[in-house]
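Q: After the structure tokens below, expect a handful of questions from me.
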Amino acid sequence: MSSKLIVLATFTNEINAEIVRAKLEANGINSFVFKDDCGGMEPQLQLILGVQVLVDSEDIEKAKKLLRKVKSYSTKVETWKCCKCEELIEGQFTECWKCGWSH
19 MSSKLIVLAT FTNEINAEIV RAKLEANGIN SFVFKDDCGG MEPQLQLILG
69 VQVLVDSEDI EKAKKLLRKV KSYSTKVETW KCCKCEELIE GQFTECWKCG
119 WSH
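Just so we're on the same page, my numbering is the position in the sequence shown counted from 1, plus 18.
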């Protein structure tokens, strides 16, 4: 019985797709990254069309379970309020842009 490739996830860039592909491969799930960027000459097409991670239909449930686990471990950086001027700062920054206080 032959199986077919199914789209597990679609990303806006190749880097995130390759991270997921590597995690799948490390767990014994064969996967493939599909992108159409005209051989690298039109990288903006990745943003428009997406970059897909494909897995064998026989492995789709195992892959979905693993993908949920990977997503649950991703770190979410919360917005924080400056103690000095009370400005709201995006979580990736460690210094207040308004007054210079360090978080």
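Just so you know, even glycine gets a beta-carbon here, dropped at the ideal spot from N, CA and C.
In terms of DSSP beta bridges, what is E79 paired with?
A: If you number the sequence shown from 1, residue 79 lands on position 61. Answer is none; E79 lacks a bridge partner.
Q: By a C-beta neighbour count over all protein chains shown, 10 Å radius and 16 as the cutoff for buried, is F111 buried or exposed?
A: Numbered from its first residue, the sequence shown carries residue 111 at position 93. Classification for F111: exposed.
Q: Return the CA-CA distance between L42 and T30, expressed in angstroms with no decimal places.
A: Counting from 1 along the sequence shown, the entry for residue 42 is found at position 24. Counting from 1 along the sequence shown, the entry for residue 30 is found at position 12. Distance between the alpha carbons of L42 and T30 is about 19 angstroms.
Q: What are the uninterrupted segments assigned as alpha helix (DSSP H) that are 4 or more residues long and contained completely in the stretch 19-52, given in chain order?
A: 32-44
Q: From D77 to G68, what does the alpha carbon distance come to, in whole angstroms?
A: Translated into positions along the sequence shown, residue 77 becomes position 59. Translated into positions along the sequence shown, residue 68 becomes position 50. Those two C-alpha atoms are separated by around 22 angstroms.
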